[in-house]
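Novice:
Chains as they are written, first to last, in the numbering used here: chain U, 5 to 438; chain G, 5 to 438.
1) Strictly under 8 Å for the Cβ-Cβ distance: is residue 154 of chain U near chain G by that measure?
2) Does the distance from the CB of residue 100 of chain G to the CB of residue 251 of chain G come in under 8 Å?
3) Would you list, in chain order, the members of the stretch 302 to 335 of chain G that have their beta-carbon closer than 7 Å to a beta-carbon of chain U?
4) Are the CB atoms of residue 420 of chain G and residue 42 of chain G nearer to each other than 8 Å?
5) Taking the alpha carbon of residue 308 of chain G as the point to measure from, which residue in G/40, G/57, G/65 has its own alpha carbon closest?
6) Rounding to the nearest angstrom, what Cα-Cα distance links residue 208 of chain U and residue 167 of chain U in this structure?
7) For residue 215 of chain G, I'd like the list of residues in its chain whose CB is within less than 8 Å of its CB, leaving aside the five on either flank, ordered along the chain.
8) Could you pull the start and end residues of the beta strand (DSSP E) that residue 209 of chain U belongs to?
9) Let's see if you can read the secondary structure: which residues bound the alpha helix (DSSP H) around residue 166 of chain G?
10) Rounded to the nearest angstrom, what separates residue 426 of chain U and residue 435 of chain U at their Cα positions?
11) Could you give the C-beta distance for residue 55 of chain G and residue 319 of chain G, rounded to a whole number, given that I count them as a contact under 8 Å?
12) Rounded to whole angstroms, what is the Cα-Cα separation between residue 260 of chain U and residue 361 of chain U?
13) When you compare the CB positions of residue 300 of chain U and residue 77 of chain G, do they come within less than 8 Å of one another, or not?
14) May I ask you to list the residues that DSSP assigns as paired with residue 389 of chain U?
15) For residue 20 of chain U, count the other beta carbons within 10 Å of its own beta carbon; 16 or more makes it buried, fewer makes it exposed. Which is it?
16) Which residue spans inside the stretch 98 to 170 of chain U form an unbroken alpha helix (DSSP H) run of at least 4?
17) For chain G, check one thing: does any of its Cβ atoms lie closer than 8 Å to the Cβ of residue 290 of chain U?
18) By the DSSP assignment, the alpha helix (DSSP H) with residue 302 of chain G in it spans what residues?
19) By the criterion of Cβ-Cβ separation under 7 Å, what are the contact partners of residue 119 of chain U in chain G?
20) Can residue 131 of chain U and residue 162 of chain U be called in contact, C-beta distance under 8 Å?
21) Would you give the residue range spanned by the beta strand (DSSP E) that residue 262 of chain G belongs to?
22) In chain order, what residues of the same chain lie with their CB nearer than 6 Å to the CB of residue 225 of chain U, ignoring the 5 residues before and after it?
23) Listed from N- to C-terminal order along the chain, which residues in the stretch 71 to 82 of chain G have their beta-carbon within a distance smaller than 7 Å of any beta-carbon of chain U?
24) Which bits of chain G does residue 115 of chain U rub up against, with CB to CB less than 7 Å?
25) Given residue 233 of chain G, which residues of its chain have a CB within under 6 Å of its CB, disregarding the five upstream and five downstream residues?
26) Can residue 176 of chain U and residue 157 of chain U be called in contact, C-beta distance under 8 Å?
27) For a contact meaning CB atoms closer than 8 Å, what does residue 299 of chain U contact in chain G?
28) Short of 9 Å Cβ to Cβ, which residues in the stretch 49 to 61 of chain U face chain C?
29) When you compare only the Cα positions, how much space is there between residue 184 of chain U and residue 136 of chain U?
30) Whole angstroms is fine: what's the gap from residue 120 of chain G's alpha carbon to residue 51 of chain U's?
31) Could you check which residue in G/396, G/404, G/31, G/257 has the C-alpha nearest to that of residue 364 of chain G?
32) What does the Cβ neighbour count give for residue 95 of chain G, buried or exposed, with the cut at 16 atoms within 10 Å?
33) Please list, in chain order, all residues of the same chain as residue 349 of chain G whose beta carbon is under 8 Å from its beta carbon, the five residues on each side excluded.
34) What are the boundary residues of the beta strand (DSSP E) that residue 191 of chain U is part of?
35) Would you kindly report the start and end of the unbroken beta strand (DSSP E) that includes residue 278 of chain G?
36) Taking just the CA atoms, how far does residue 243 of chain G sit from residue 116 of chain G?
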């Protein structure tokens, strides 16, 4: 479809035509068409550790109190319930290892959203006119790439390694854009700082300081914001946690910190939040006002309860233990079934839900590739093709990688899934040699 | 602010600058600044009839069943839970006085949204490029006027009376647009068919057929869709219900039917839905995919339960009884305190939450008017100025009307609110004569 057609030529808007380039649709369709497969693709969370008891306790507590119950079932404000936002400040302080006072902001800097996804979409809508530029790591979260397409942004990929986006590459990209006179079009640097979806990489401590410095240095006529997507932050299984970019000196003026309860508690309650630089508060709230004038008060009330009661933190420990076991199962299976295949390698994430696997460069993984076909049709296993996680412009995409999720399947099935994948890769390598 | 400025001139996007024209922000600010007032302005629902017991029963039932509970707390699909959408079909059939089979559609034509507001925003985003045209009744739902501004649509008002939008005026407007060569830019006719916010008017039965006929007649090179906002449909206190525009022959190809549980059950669960013409399904779901990839599964599970158990219908009867009492209290107070003021008149709604009051034409009601000041500062009563409910183009706004809500206050306070309003109007009339 052609974005450049005259608006009045189409029945639907230019924006709706742009939105049709979202990869998640293809992916869900593949999931539906390959239901008999073991899915290492699905980004869902572990079923068995969903907080049924915690939610029932919270619902009972909220609804047994007439005043709280009525507040939960009434309209709220676009920005989100004030009591909830105060609980979120305490939650954030805990994660940053500080007191609420040390955070240096009030609840007026928080916006509650329908999952952190809505925050990402609102920020994109607030910042980007068509042709404006977003810098992202390669690879990065493919759903946000679709959001950027949806607002007509130009997305430029920056090299990354096992420690996240490379700062030398970022500096070079910014310098190049400045030289080409395009610096004013750079609105945002997008980073999934903790256990990136899809790579599992965690942005190194020194890089967090450096990206902030670079964003400040290159903010000339217009500010360059950093969108720090910390969706997986709480799912750390090994190693010390790293303070957010947002928490560093000057960070709160430059960084949009996006967080969610979807991974750490329940995606079904669809609640995330953002901490925003002051100038962004009004534009983001105005856009959200048009969209839904506020996320569910009821879900906010339940989360307020579990945050205050301690049930949230206790449950998180269970969730982490469960995912740690699964990650270890997947990595053990990879050692067992994949280590002897020449040119196959993978990252060992300290948290999150994903393992990023690279094959020999000539082995493509896309939906149309022999490997995807062989894996889904003959070996009964599905994965997310890595090329979805690259910007589509400038031929930056790489076709020989894949994302493996350990969120959904139990450990035994993860092992079996990797065994099957190993079989599919070996088949395709054999054909390629033949 | 100037929309026409070059995109790269601004820190924020053109869209975010457009979104800043939303009137609800002013209104909420006024509410905050005038907390001591009796508010006949707030669009909230009746606190005392919120379904606390029903929600607790539903939460307990859903979470006591491991499989249902896990489904509720997991991710869902962008379109909404299939079981919930099937329950919605049965719900819709009940409202239309038909069987599900007679509806002639499947659950694949429904989209679940975060309140019906999100559906309105998605439809606007799917249809409108800047400069495209939407036809609306005068007055109409002011939040949607803000949404239309937000996507850069041109909004053209069409005369309305106590039976809703006048079809002779609509026909004349369409003929005029055709003559001016602008028919291809007309994408949508927006109608709040039942107990319009703000006028309380219900679109008459014959007008519902006629608007469909006109939309079909004038759909030449491009289709003209009808957005039937039936948010208040279930809040009918007198008289027979009128079948939707959507239900009429050919309606399901032309009409987007928007409904919500916010008014009839609870705004806190933030759940609405749309029934869409087939061509709109993909654009709307793609846009929603970028935005949040699905509304809360948990809230959908609760509503599925109360719809199936019968708790919803039983609760609705209580809600209606409560609002009927309030409406009658407000109308009685108007008869008592306002009937003798020359040039003051109001509509008597058969349902909904609003009474539309007109003053003598020289008495302005806006935020900057002497009446608003006198009412809020001296008499302690607040209302919504009617001019917010008119499109801002072409000087179509009228300044001598107001919206009175009977949703929030108890009957005694409604009477007192009208008594105070009467005092304020008399004061301003006296000053105007002096």
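C-beta: ideal position from N, C-alpha, C; glycine also.
Specialist: From the atom records:
1) yes
2) yes
3) 302, 303
4) yes
5) G/65
6) 5 Å
7) 169, 171, 174, 193, 195, 207, 230, 249
8) Where residue 209 of chain U is concerned, there is no enclosing beta strand (DSSP E), although the alpha helix (DSSP H) it sits in stretches over 209 to 221.
9) That residue, residue 166 of chain G, is in no alpha helix (DSSP H); it is neither H nor E in DSSP.
10) 14 Å
11) 5 Å
12) 30 Å
13) no
14) U/406
15) buried
16) 104 to 107, 119 to 131, 146 to 154
17) yes
18) 301 to 313
19) 296
20) no
21) 259 to 264
22) 188
23) 73, 74, 76, 77, 78, 79
24) Those do not exist, as residue 115 of chain U stays about 14 Å from chain G at its closest Cβ, beyond 7 Å.
25) 196, 262
26) no
27) 118, 274
28) Of the chains in the structure shown, none is chain C; the protein chains are U and G.
29) 14 Å
30) 30 Å
31) G/404
32) buried
33) 361, 362
34) 190 to 196
35) 276 to 279
36) 30 Å
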